[in-house]
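Down below is the structure, laid out as structure tokens.
Number of protein chains: 2
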Amino acid sequence: MVSSNITHDTEHLCQSCAQKNTSVFCKAKVEYLTEVNSQKVFNTFKKGQTIFNEGSYPFGVFCINSGKVKLAHLGDDGKEQIIRLLKGGDIVGYRALLSNERYSATAVALEDTQVCFIPKELFIHILKNDAGLTFEMMKLLSDELHKTELKLTHLAQKPVRERLAEILLFIKETYGFEDDGITLNVRLSREEIANLVGTATESTIRLLSEFKRDSMVELDGKKIKIINQKKLLKTANLQD
Amino acid sequence: MVSSNITHDTEHLCQSCAQKNTSVFCKAKVEYLTEVNSQKVFNTFKKGQTIFNEGSYPFGVFCINSGKVKLAHLGDDGKEQIIRLLKGGDIVGYRALLSNERYSATAVALEDTQVCFIPKELFIHILKNDAGLTFEMMKLLSDELHKTELKLTHLAQKPVRERLAEILLFIKETYGFEDDGITLNVRLSREEIANLVGTATESTIRLLSEFKRDSMVELDGKKIKIINQKKLLKTANLQD
DNA sequence: TAACGAATATGACAAAAGTCATACTGGTTC
DNA sequence: GAACCAGTATGACTTTTGTCATATTCGTTA
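Quick mapping for you: the protein sequence lines, in order, are chains A and B.
Residue numbering for the first sequence is 1 to 240, as defined by my numbering.
Residue numbering for the second sequence is 1001 to 1240, as defined by my numbering.
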């Protein structure tokens, strides 16, 4: 929240928000949506900018309008572990708010990103009154927990090679392809991919080279093209 | 739910439940508690018995009255990954219920365990009407998510030795000590400990031997005594 | 009490993954 | 275009961890 592009706008209405149908939050009752509309703060983050920082206190919740965001823990030795990838329609920062704790992770924009900030009090107020929304939020948390538990199991039991293949497919699921239908629609550094997989950067680079050699992917700088998804899926050894 | 000890009892009242003050679920409004009381099914599981199985459909939620339970994923190769340890006052099986999915994990009693089963419809009904309870449930999920994310980061970044030390301390936090003040109050096999840490059984055995040599623990069959918690904490290298 | 099997323990080895050093590449700035 | 830097790539090596084989112990049952 260091950016200067903060606007209490009337331009970006929740009612006409592009994410109205995908975001949990925008499923609140109409009466609350109006309230959100008047209190929310529209904000833009440039690529690389921090939306919030591990250790600081949450004052509200962020609703991503457009763009891409990584959510990461900083390990004891300073190495980051990316725990979620977010896109338009997702909300961030609710975990700490609900647990009434400081942020346990840092959110950074992976590209220019637009977000709506909804103040804590309003968020909590709506949750306490809109049972439907609360139930949706609970489901969302529940799904997130499930995904994280699966990741945990895979991290514990699968070799790096399989996990990397899995992550590439996960990135595809999350952000999809570019217009060409094969290029992953996000630019991540090798280090960031490593921090998603939970391995060393060099290992990631090495394995990506192998994947290229085995004609599963094509590499062009930060562009990653998936040219044999079937083989990649096999490499990931997924069955759930 | 294969046990034959099922009783629609009037004996075990929620109102006088030993876990009334610790369990989230028992914080429901009094009117609902009465309802729960009449619909819940009291059940006993012997050590080693399965409470529910990965892949099957949830028909309700389990409230642990007394005893100890492990919740584990079965990895693709059949190796289990223990994702939670549960005790009296905890509830299990809510995750799948809320996400409207099959169980993604298996719950097994680590010792003789008493549970109350609350039918799905009632559980959902209460959640949809008791905003306070729903909010509590949300917090619970939120905390669980946080813990799991932390585990994920540690699994990705810390060596087995540190993770084992951490798990021993975690077991102590969860189940505490026996009356002697040093023996961990649960019997887990070396394999189970390994499946908590996310490592091979032999590695766990080896490291426990080291911990013993370095006089951090004492081993007596499945009994594990923590004789130098400070040193163990240092070995775990925790700072959060 | 003997005997059995399962769990624990330990050694030897293999495989996986991380680290360090060193190139190479691509994009940026001057 | 030269120079520079960060990111990428690759090789050589070390460390960590897993695997397999084999004792050994423990608790259980006959």
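Glycine included, C-beta positions come from ideal geometry on N, C-alpha and C.
Enclosing beta strand (DSSP E) for residue 226 of chain A [first to last residue]: Note, residue 226 of chain A: beta strand (DSSP E), 223 to 226.
In whole angstroms, what separates the C-alpha of residue 1 of chain A from that of residue 108 of chain A? With a pLDDT of only 42 at residue 1 of chain A, under the threshold of 50, the placement of this residue in the model should not be trusted; the figure read from the coordinates follows. When rounded, the separation of the alpha-carbon atoms in residue 1 of chain A and residue 108 of chain A is 11 Å.
Using the C-alpha atoms, what's the distance from residue 1026 of chain B back to residue 30 of chain A? Rounded to the nearest angstrom, the two C-alpha atoms are 32 Å apart.
State the Cα-Cα distance for the pair residue 119 of chain A and residue 1120 of chain B, rounded to the nearest angstrom. Cα-Cα distance, rounded: 34 Å.
Cβ contact check for the stretch 32 to 44 of chain A and the stretch 84 to 91 of chain A: 3 or more pairs under 8 Å: With the cut-off at 8 Å, the stretch 32 to 44 of chain A and the stretch 84 to 91 of chain A do not touch.
Minimum Cβ-Cβ distance from residue 1075 of chain B to chain A less than 8 Å: Closer than 8 Å: yes.
Give the residues from the stretch 141 to 164 of chain A that approach chain B closer than 7 Å (Cβ to any Cβ), ordered along the chain. Cβ contacts with chain B come from 141, 142, 143, 144, 145, 146, 148, 149, 151, 152, 153, 155, 156 and 157.
C-beta neighbour in chain A for residue 1229 of chain B, strict 8 Å: The Cβ of residue 1229 of chain B sits no closer than 8 Å to any Cβ of chain A.
Compare the C-beta of residue 107 of chain A against all C-beta atoms of chain B and say whether one is closer than 8 Å. Not an interface residue.
Is the distance from the Cβ of residue 98 of chain A to the Cβ of residue 1139 of chain B below 8 Å? The answer is yes: Cβ separation under 8 Å.
Is there at least one Cβ from chain B nearer than 8 Å to residue 67 of chain A's Cβ? Judged by the 8 Å Cβ criterion, residue 67 of chain A is not in contact with chain B.
Rounded C-alpha distance that separates residue 1202 of chain B from residue 1221 of chain B: Rounded to whole angstroms, residue 1202 of chain B and residue 1221 of chain B show a C-alpha spacing of 15 Å.
Proximal residues of chain A, C-beta to C-beta of residue 1098 of chain B below 7 Å: Going along chain A in sequence order, the residues near residue 1098 of chain B (Cβ under 7 Å) are 138, 139 and 142.
Contact list for residue 237 of chain A against chain B, beta-carbon separation under 8 Å: For residue 237 of chain A, the neighbours in chain B by C-beta distance under 8 Å run, in chain order, 1076.
Rounding to the nearest angstrom, what Cα-Cα distance links residue 1184 of chain B and residue 1110 of chain B in this structure? Annotation: residue 1184 of chain B to residue 1110 of chain B spans about 14 Å, alpha carbon to alpha carbon.
Return no unless some Cβ of chain B is closer than 8 Å to the Cβ of residue 27 of chain A. Not flagged as an interface residue toward chain B: residue 27 of chain A, since no C-beta distance is shorter than 8 Å.
Could you compute how far the alpha carbon of residue 48 of chain A sits from the alpha carbon of residue 61 of chain A? When rounded, the distance between both Cα atoms is 20 Å.
Chain A beta carbons: is any one of them nearer than 8 Å to that of residue 1198 of chain B? Answer yes: the Cβ-Cβ gap between residue 1198 of chain B and chain A drops below 8 Å somewhere.
Would DSSP call residue 1061 of chain B helix, strand or coil? In the structure shown, residue 1061 of chain B sits in a strand (DSSP, three-state: E or B).
Assigned exposure category for residue 1078 of chain B - 16 Cβ within 10 Å defines buried: Classified as exposed, residue 1078 of chain B has fewer than 16 neighbouring CB atoms from the shown chains inside 10 Å of its CB.
Residue 38 of chain A by DSSP, collapsed to three states: which one? In this structure, residue 38 of chain A counts as helix in the three-state DSSP scheme.
What in chain B is Cβ-close to residue 79 of chain A, meaning under 7 Å? At a beta-carbon threshold of 7 Å, the residues of chain B lying near residue 79 of chain A are 1157, ordered along the chain.
Indicate whether the contact test is met: 3 or more Cβ pairs, each with one atom in the stretch 146 to 159 of chain A and one in the stretch 185 to 195 of chain A, closer than 8 Å. Touching, no.
Can a CB atom of chain A be found closer than 8 Å to the CB of residue 1104 of chain B? Judged by the 8 Å Cβ criterion, residue 1104 of chain B is in contact with chain A.
By alpha-carbon positions, which one of A:82, A:103 and A:162 ends up nearest to residue 239 of chain A? Considering only alpha carbons, the answer is A:162.
Note down the Cα distance separating residue 1094 of chain B from residue 215 of chain A, rounded to an integer number of angstroms. Looking at the two C-alpha atoms, the distance is approximately 43 Å.
Between residue 1234 of chain B and chain A, is the shortest Cβ-Cβ distance under 8 Å, so that the two count as touching? No, no contact with chain A.
Going by the CB atoms, is the gap between residue 152 of chain A and residue 1083 of chain B shorter than 8 Å? If you check the CB distance, residue 1083 of chain B and residue 152 of chain A come in under 8 Å.
At 3 residues or longer, what runs of the beta strand (DSSP E) sit wholly inside the stretch 85 to 110 of chain A? Fully enclosed beta strand (DSSP E) runs of no fewer than 3 residues occupy 106 to 109 of the stretch 85 to 110 of chain A, in order along the chain.
Alpha carbon to alpha carbon, how far is residue 46 of chain A from residue 53 of chain A? The alpha-carbon of residue 46 of chain A is positioned some 16 Å away from that of residue 53 of chain A.
Between residue 135 of chain A and chain B, is the shortest Cβ-Cβ distance under 8 Å, so that the two count as touching? By this cut-off, residue 135 of chain A is an interface position.
From the DSSP secondary-structure annotation, give me the bridge partner or partners of residue 72 of chain A. When beta bridges are read from the DSSP output, residue 72 of chain A appears opposite A:82 and A:106.
With distances taken between CB atoms, is the gap from residue 1113 of chain B to residue 1182 of chain B smaller than 8 Å? No; because the gap between Cβ atoms is not below 8 Å, this pair is not in contact.
Look at the Cβ atom of residue 230 of chain A, then the Cβ atom of residue 219 of chain A, and state whether they are nearer than 8 Å. Pairing residue 230 of chain A with residue 219 of chain A gives a Cβ-Cβ distance that is not under 8 Å.
What residues of chain A sit near residue 1127 of chain B, judged by a beta carbon separation below 7 Å? The answer, in chain order, is 135.
Taking only beta carbons into account, state which residues of the stretch 1083 to 1097 of chain B come closer than 9 Å to chain A, listed in chain order. Taking 9 Å as the Cβ-Cβ cut-off against chain A, the residues of the stretch 1083 to 1097 of chain B that qualify are 1083, 1084, 1094, 1095, 1096 and 1097.
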